[in-house]
Amino acid sequence: MATFVDSKYSAAFSILIGSLSVAFSDVVVDSMVVERARGESQSMSGSLQSLCWGSSAFGGIVSAYFSGSLVEAYGVRFVFGATSLLPLITSAVSVLVKEQPVRGPARGVSLGNGFIESSKNNFTQLWGAVKQPSVLLPTLFIFLWQATPQSDSAMFFFTTNKLGFTPEFLGRVKLVTSVASLIGVGLYNGFLKKVPLRKIFLVMTLIGTALGMTQVLLVTGLNRQFGISDEWFAIGDSLIITVLGQVIFFLILERSLA
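Here our numbering is used: the first residue of the sequence shown is 8, the next is one more, and so on.
Here it is as structure tokens:
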């Protein structure tokens, strides 16, 4: 993205490779959290997940604070080049991870046969775990939640081309959402870890659904009739929805880990 990308196809390919790499490391981190959470209380398992998401939110705060201004001052290629160095920190941290060595195939057993047998066993164990209702239902819910069509791309086009939001202001919005995510982590950790899931999930879902429809006010311009500018409305809307979404997501993750 910082050097050779000069078309939409190469940009899409670069985004695909980058997202795939991040997805691999994210799955590894989540697996480590699940492994550490085994045998721990629900409160402790939620705290471990909160630590991961809190760190992510802190990184989002730092990047969002500088991203918009850096894009306007130095251009997008410079920002892509600078941020591409940050994932290397993960490689440096990986040497601190302690792992138990896995024994290879016994002598006389070909590598191909050993790999096939190991793959079969892993798939059987994975399917046995996934088909359990306690795992399948939350996983299916999160999948449908994330797979349903969203208006993010259309809203980005609308805010940049119709409302004229600048890269610096979009960076501020990202900063606000990252702070809101951190607030959601703190709110969950401090007050909601021991609240019954059904009660808090119902309340948060109803409130989040109602507030999520406030984007209609921004699109139609009704917010200006109430004396609220588009910029302040976008910031406030992102702040509240992110906090609620983060709390709901943590509730699901904690029960899934437990």
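For every residue, glycine included, the Cβ atom is placed at its ideal position computed from N, Cα and C.
Keep in mind the model is a prediction, meaning the values are calculated, not measured.
Check whether residue i and residue j have beta carbons under 9 angstroms apart
i    : j    : result
V104 : M39  : yes
L189 : I96  : no
E238 : F172 : yes
V180 : I242 : yes
L246 : T166 : no
S76  : G234 : no
L251 : L218 : yes
P94  : V29  : yes
S160 : Q222 : no
A187 : T249 : yes
T10  : R84  : yes
Buried versus exposed, by CB contacts within 10 Å (16 or more), residue i
i    : result
G82  : exposed
V34  : exposed
V86  : buried
D244 : buried
A19  : exposed
A64  : buried
G197 : exposed
Other residues of its chain near residue i: CB distance less than 6 angstroms, five sequence neighbours each side excluded
i    : result
F240 : L225, N230
Cut-off 7 angstroms between Cβ atoms - residues of its own chain near residue i, not counting five sequence neighbours on either side
i    : result
E106 : none
G61  : L189, V192
Cβ separation of residue i and residue j, assumed to be a contact under 8 angstroms, to the nearest whole Å
i    : j    : result
V254 : L194 : 6 angstroms
V36  : C59  : 6 angstroms
Residues near residue i by beta carbon distance below 8 angstroms, same chain, minus five either side
i    : result
I214 : L251
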